[in-house]
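Asks: The sequence shown begins at 1 in the numbering used here and counts up by one.
Even for Gly, the Cβ is constructed at its ideal location relative to N, Cα and C.
All values reported here derive from a predicted model rather than from experimental measurement.
After the structure tokens below, expect a handful of questions from me.
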Amino acid sequence: MIQVRAKKHLGQHFLTDLQIALNIVESLPSDTTSVLEIGPGTGVLTQFLINKSQFRFSAVEIDSEAGAYLKEKFPSLHLIEGDFLKMNLKKEFGEQPFSIIGNFPYNISSQIFFKILDNRDQIPCVVGMVQKEVAERIAARHGNKTYGITSVLLQAFYTIEYLFTVSEHVFDPPPKVKSAVTRLTRNSVKKLDCNETLFVRTVKTAFNQRRKTLRNSLKPLLNGQSVTEPIFDLRPEQLSVNDFISLTNLLEEKTENKTI
Ligand code: SAH
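Okay, here's the thing in structure tokens:
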């Protein structure tokens with residue numbers, strides 16, 4: 001059997017607890033029709049996914065050593081050998097919906113979430129293990145210290161559940177931090193009630209200087225306009241997703257006829 005040496009630069013921490021692996025797999029909703037696993041590694045989740053006849057299953061793995069191991073262990077696996085971040089999802093799935101599962105490589109978890117957001121209308125559910133603090137951040141509600149860019153952008157389109165915490169001791173090699181499993185379920189919002197490009201810019205600009213009031217942090221978007229509305233006295237962590245939508249509309253009104 002091929003040996004897979006854990007590679008740090010690929011965020012490789014292999015889960016060793018089979019019960020936890022099963023709990024992760026069972027967190028997918030029962031009506032799932034197609035699943036993509038990101039980073040199967042040595043296949044601890046894969047072994048529970050591959051024999052489920054209820055859905056079509058594929059996996060994407062960047063490490064060729066792990067790829068060789070997986071092909072030997074699971075000859076029937078539909079394995080895409082490459083980088084999820086560069087993967088052409090349309091080529092693989094066409095217009096069909098698919099859900100995502102994985103013990104994500106932690107060094108690229110934000111990029112994974114941004115790619116999911118870009119393809120949100122095709123991705124009904126995501127079950128992902130990430131660093132505990134990332135899980136807390138994406139699930140955080142406004143008013144919470146960890147609420148940030150990914151919380152707002154993901155919560156605009158997904159309901160986020162923090163499912164359970166996972167100790168560093170059930171990985172080989174153990175990561176430095178605790179982990180947590182989260183579930184993202186697509187909500188019914190097709191389009192935000194505002195200019196979506198400006199929404200993303202507003203959220204990012206506001207949280208870039210999160211300790212400042214919006215009046216100060218959003219100066220780059222105000223083109224010198226002075227603002228008196230009370231919302232500008234707030235700091236970004238005080239705003240719900242809907243508040244950010246109202247704020248975006250307000251900014252668009254104020255800067256109308258000016259290029260943004
Ligand atoms: N699912 C396995 C491995 C998790 S470690 C387990 O739970 O034990 C993260 C895995 O993601 C590794 O196998 C790593 O090689 C893979 N990986 C890292 N970057 C990737 C990328 N950009 N695209 C696809 N897989 C990647």
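1. Considering only DSSP beta bridges, list what E61 is partnered with.
2. Taking Cβ positions, are V181 and M129 nearer each other than 8 angstroms?
3. Does the distance between the C-beta of N88 and the nearest non-hydrogen atom of the ligand SAH fall short of 7 angstroms?
4. Determine whether the beta carbon atoms of F93 and I112 lie at a separation below 8 angstroms.
5. Taking E237 and R210 to be in contact with their CB atoms under 8 angstroms, please state how far apart those CB atoms are, rounded to whole angstroms.
6. Could you check whether the Cβ of H264 sits closer than 7 angstroms to any heavy atom belonging to the ligand SAH?
7. If you drop the 5 nearest sequence neighbours on each side, which residues of the same chain put their C-beta closer than 6 angstroms to that of A66?
8. So if DSSP puts E161 in a beta bridge, which residue, or which two residues, is it bridged to?
9. Rounded to whole angstroms, what is the Cα-Cα separation between K90 and Y106?
10. Would you give the residue range spanned by the alpha helix (DSSP H) that V203 belongs to?
11. Given this structure, state the Cα-to-Cα distance separating S99 from S226, to the nearest angstrom.
12. Taking just the CA atoms, how far does R201 sit from G82?
13. Please name the residue or residues paired with N103 in a DSSP beta bridge.
14. Along the beta strand (DSSP E) that carries S37, what are the first and last residues, could you check?
Replies: Taking the geometry as given:
1. Its beta-bridge partners are E81.
2. Taking 8 angstroms as the Cβ cut-off, V181 and M129 qualify as a contacting pair.
3. For the ligand SAH, not one heavy atom lies less than 7 angstroms from the Cβ of N88.
4. No, they are not a contact pair.
5. Contact between E237 and R210 is confirmed by a C-beta separation of about 6 angstroms, below the 8 angstroms threshold.
6. Outside the shown range of the chain (1 to 260) lies residue 264, about which nothing can therefore be said.
7. Closer than 6 angstroms at the Cβ level, and outside the excluded window around A66, lie V4 and G41.
8. Among the bridge pairs identified by DSSP, E161 is matched with R183.
9. For K90 and Y106, the gap between their C-alpha atoms comes out near 25 angstroms.
10. E196 to N208 is the span of the alpha helix (DSSP H), which, as asked, contains V203.
11. A straight-line Cα-Cα distance of about 45 angstroms links S99 and S226.
12. Separation of G82 and R201 (C-alpha to C-alpha, rounded to the nearest whole angstrom) is 31 angstroms.
13. Paired residues: M129.
14. Sequence check: residue 37 is Glu here, not Ser. Residues S34 to I38.
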